[in-house]
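Scroll down for the structure; my scribbles are underneath it.
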Amino acid sequence: MFISYKAEDRPFAGEVQKKLSGKGVQAFLAAASIESGSDWEESIFTALRTCQIVLFLITPSSISSDWCNFEIGAARALEKEVVCALRHVEAQKIPSALRRFQAIQVQTTRQLNDLIKSLTKKVTI
4 MFISYKAEDR PFAGEVQKKL SGKGVQAFLA AASIESGSDW EESIFTALRT CQIVLFLITP
64 SSISSDWCNF EIGAARALEK EVVCALRHVE AQKIPSALRR FQAIQVQTTR QLNDLIKSLT
124 KKVTI
């Protein structure tokens with residue numbers, strides 16, 4: 004799984020990755036998955052090409068991120084399964100490239116746990 008997020012959202016993205024890892028799901032998170040000295044762009048491209056699912060953490064900061072928008076386009080071009088998690092963003096603010104996907108609210112711990120459960124099922128199917 005590839006987690007797309009804005010750097011400002013790293014604490015939340017890290018929490019998502021940790022919960023997925025606890026369920027046995029490997030998730031690429033740039034801040035934690037790219038080794039020092041590595042070509043970070045190539046690492047991201049490789050992770051996008053090889054993942055099964057792309058999870059977009061849609062937050063107020065990520066909706067205006069050029070890099071997140073690039074990852075959206077790459078995921079669509081690569082025909083990846085896309086899961087959108089909305090955090091502190093109204094549905095009408097979802098980037099146009101992602102509006103066709105049913106988004107999941109992740110405002111509460113319960114909603115986050117439901118997201119993790121859903122993602123875990125998708126990966127193990």
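Residue 34 in our numbering is what sits at position 31 of the sequence shown, and the numbering runs on without skipping anything.
From the three backbone atoms N, C-alpha and C, an ideal C-beta is built for every residue, glycine too.
Sorted by chain position, which residues of the same chain lie with C-beta nearer than 8 Å to residue i's C-beta, five sequence neighbours on each side aside?
i, result
"Q114", "I107, Q108"
"A35", "G17, Q20"
Report the rounded CA-to-CA distance for residue i versus residue j, giving the unit in angstroms.
i, j, result
"T129", "K21", "With the chain covering 4 to 128 only, the question about residue 129 has no answer from this structure."
"G40", "S46", "11 Å"
"T112", "K120", "12 Å"
"E38", "E44", "12 Å"
Find out if the Cβ-Cβ distance for the pair residue i, residue j is shorter than 8 Å.
i, j, result
"I6", "L32", "yes"
"M3", "V126", "No information on residue 3 is available, as it lies outside the stretch 4 to 128 that the chain covers here."
"V57", "A78", "yes"
"L60", "A100", "no"
At least one CB of chain D closer than 8 Å to the CB of residue i: is that the case?
i, result
"S46", "Among the chains of the structure shown, chain D does not appear; only one protein chain is present."
Under a Cβ-count criterion, where at least 16 other Cβ atoms within 10 Å of its own Cβ denotes burial, should residue i be classed as buried or exposed?
i, result
"E74", "buried"
"A50", "buried"
"D12", "buried"
Once the 5 residues before and after residue i are set aside, which same chain residues still bring their CB inside 7 Å of it?
i, result
"P98", "I66, N72, I75"
"K96", "I66"
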